[in-house]
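>
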Amino acid sequence: MMDLRNTPAKSLDKFIEDYLLPDTCFRMQINHAIDIICGFLKERCFRGSSYPVCVSKVVKGGSSGKGTTLRGRSDADLVVFLSPLTTFQDQLNRRGEFIQEIRRQLEACQRERAFSVKFEVQAPRWGNPRALSFVLSSLQLGEGVEFDVLPAFDALGQLTGSYKPNPQIYVKLIEECTDLQKEGEFSTCFTELQRDFLKQRPTKLKSLIRLVKHWYQNCKKKLGKLPPQYALELLTVYAWERGSMKTHFNTAQGFRTVLELVINYQQLCIYWTKYYDFKNPIIEKYLRRQLTKPRPVILDPADPTGNLGGGDPKGWRQLAQEAEAWLNYPCFKNWDGSPVSSWILLLKATVQTMRPTIPGRIRNMVTLEHMSTLISLIDPAHSRQHPPHRQKRTGPAPSSECQCILGERAPVLSGPVPSFSGGTLDPEKTKLLSELVYNPGQNPGLLTPGLLCPLSYHR
1 MMDLRNTPAK SLDKFIEDYL LPDTCFRMQI NHAIDIICGF LKERCFRGSS
51 YPVCVSKVVK GGSSGKGTTL RGRSDADLVV FLSPLTTFQD QLNRRGEFIQ
101 EIRRQLEACQ RERAFSVKFE VQAPRWGNPR ALSFVLSSLQ LGEGVEFDVL
151 PAFDALGQLT GSYKPNPQIY VKLIEECTDL QKEGEFSTCF TELQRDFLKQ
201 RPTKLKSLIR LVKHWYQNCK KKLGKLPPQY ALELLTVYAW ERGSMKTHFN
251 TAQGFRTVLE LVINYQQLCI YWTKYYDFKN PIIEKYLRRQ LTKPRPVILD
301 PADPTGNLGG GDPKGWRQLA QEAEAWLNYP CFKNWDGSPV SSWILLLKAT
351 VQTMRPTIPG RIRNMVTLEH MSTLISLIDP AHSRQHPPHR QKRTGPAPSS
401 ECQCILGERA PVLSGPVPSF SGGTLDPEKT KLLSELVYNP GQNPGLLTPG
451 LLCPLSYHR
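Once you know that position 41 of the sequence shown is 41 in full-length UniProt numbering, the rest is easy, because the numbers rise by one and skip nothing.
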């Protein structure tokens, strides 16, 4: 395989096509293996169980389900939803017994020579393993296919069309996760939403995700433990939603934008409102607590308890340093040697959803345009150092489902009051807002550093 770092920027699409996209034969092999295991789980696995066990559905997760598989990565995640698991706590307490039963039945099939399996159970440090890992081989398969089978509680039921879960599902999730201190533990229950979030995206965006995944895996070989790969996939979607929203775009620009977001990980607080939002008071309170956590915060669009940006900050720091080094490589250079530009990501403030602890007199005092003006009033010398997600651009706005909070210091205004369409900024109101910005100790509802407010698009 050609070295990615030395691939010219203009040739990245060809690199993806030649080395990263799975070929037809490979896809057929994976799908055949998945059909074998799905059939086994649905029709045979629990037939002889001592009590009734119904498999409500088996869902293909991971890169296979999302349509972002890399060539040569013959693995698949299957989430099996079981009728005896009726709560999130049931899943936590009983998944081990179902994993053992699935293993026993697979061994029986192996003795009957229905197919061959090689077990690679998760490391002993998992006292309560989440998955059964094994390799499937058969006469029809050219090579073994690695599987992770994960038992889960069917929290969502049957999905139809543009499904948005009943908020009570998330209320129950939040309550149980909080009681059990297991935030993010039950993301498997929302595999279908995670899959659908990416599956319907444009083909070229999926190709960019593959490129970012390939880069990430190269980094992981070199650096060891890093933030979850899913976090990088979500950053790629976020970069595209904010910076392009086109079905055809410059791959090198998109790739650079993602790496610049990684470099500026300490400023990131990203979430989506496609499947959950702030309308339910319990969910709202929980989300606001999530959004106050140390950066980076990248909430799973399907599971508000899952913060993909959390964990050991060392991994983010190492990945950011590696990303910064990569920006000097040929894959980010134009034909004339100049650096490839990144997408400029437009942000607009939504005052209506500012944290409730900010004094009420701020509400309705500053319009969206006012806030945008404040955020953009940065010293020119300082602004050149800002990552693209702090800058303003014009053009079509992406979906309002993608949200972001970014820290930015708004300067105390002196001299002429800035003007813009719709009027001028009242100096007294500016002074009040600046006091809130610069006195976070007196205003604990305001996150630091500086002014932090939910940012979204309004057409």
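Quick reminder that beta carbons are idealized off the backbone N, C-alpha and C, glycines included.
Please state whether DSSP places Pro8 in a helix, a strand or coil.
DSSP places Pro8 in coil when its eight states are reduced to three.
> From Val58, Ser74, Ser63 and Gly67, pick the residue whose C-alpha is nearest to that of Ser83; which is it?
Residue Val58 is the option with its Cα nearest to Ser83.
> Inspect the beta-carbon positions of Lys333 and Ala9 and report whether they are closer than 9 Å.
Yes, these two residues count as a Cβ contact at 9 Å.
> Could you give the DSSP three-state label for Leu180: helix, strand or coil?
It is helical.
> Drop a sphere of 10 angstroms on the beta-carbon of Ala231, count the other beta-carbons inside from all chains shown, and report buried for 16 or more, exposed for fewer.
Flag for Ala231 reads buried.
> Checking the sheet assignment: what are the DSSP bridge partners for Ala325?
DSSP, once it has assigned bridges, lists no residue as partnering Ala325.
> What residues in its chain sit with their C-beta under 8 Å from that of Asn218, if we drop five residues either side in the sequence?
Within the same chain, Asn218 has close Cβ partners Leu4.
> Could you please give me the residues that DSSP links to Ile298 through a beta bridge?
Paired residue(s): Ile270.
> Out of curiosity, what's the CA-to-CA distance linking Ser11 and Glu324?
Their backbone Cα atoms lie some 21 Å apart in a straight line.
> Could you tell me the boundaries of the alpha helix (DSSP H) in which Gly39 lies?
Thr24 to Glu43 is the extent of the alpha helix (DSSP H) around Gly39.
> Can you name, in chain order, every residue of its own chain whose Cβ lies under 6 Å from the Cβ of Ile174, other than the five neighbours on each side?
Hits under 6 Å: Tyr286.
> If Leu136 and Val149 are in contact, beta carbons under 8 Å, what's the gap, nearest whole angstrom?
Not confirmed; about 11 Å, so no contact.
> Can you tell me whether Thr251 sits near the ligand GDP, meaning its C-beta is under 8 Å from at least one heavy atom of the ligand?
Questions concerning the ligand GDP fall outside what the structure shown contains, since it holds no ligand whatsoever.
> I think Thr236 touches Ile209, with their Cβ atoms under 8 Å apart; what is that distance to the nearest whole Å?
Their Cβ separation, rounded to whole angstroms, is 5 Å, which keeps Thr236 and Ile209 in contact under 8 Å.
> From the DSSP output, which residues share a beta bridge with Asp77?
BP columns for Asp77 point to Gly61 and Asp148.
> What does the Cβ neighbour count give for Thr178, buried or exposed, with the cut at 16 atoms within 10 Å?
By the neighbour-count rule (16 or more Cβ atoms within 10 Å), Thr178 is not buried but exposed.
> Could you tell me which of Phe197, Ile270 and Val117 sits nearest to Lys66, measuring between CA atoms?
Of Phe197, Ile270 and Val117, the residue nearest in Cα terms is Phe197.
> According to DSSP, simplified to helix, strand and coil, what is Asn93?
In this structure, Asn93 counts as helix in the three-state DSSP scheme.
> Does the beta-carbon of Asp154 have 16 or more other beta-carbons within 10 angstroms, so that it is buried, or is it exposed?
Buried, because 16 or more other Cβ atoms sit within 10 Å of the Cβ of Asp154.
> Would Pro281 and Pro294 be called neighbours here (beta carbons separated by less than 9 Å)?
It is not a contact, given that the beta carbons lie outside the stated cut-off.
> List the whole-angstrom C-beta distance separating Cys38 from Leu92, where the pair is believed to meet the contact cut-off of C-beta under 8 Å.
With 8 Å as the limit, Cys38 and Leu92 do not qualify as a contact, their Cβ atoms being about 24 Å apart.
> Specify the secondary structure class of Thr305 as computed by DSSP and reduced to three states.
If DSSP states are grouped into helix, strand and coil, Thr305 belongs with the strands.
> How many Å lie between Trp160 and Thr188 at the Cα?
Contrary to the premise, residue 160 reads as Thr rather than Trp in this sequence. Looking at the two C-alpha atoms, the distance is approximately 19 Å.
> Give the C-beta separation of Gly254 and Trp343 to the nearest angstrom, bearing in mind that I take them to be a contact with Cβ-Cβ under 8 Å.
Their Cβ separation, rounded to whole angstroms, is 7 Å, which keeps Gly254 and Trp343 in contact under 8 Å.
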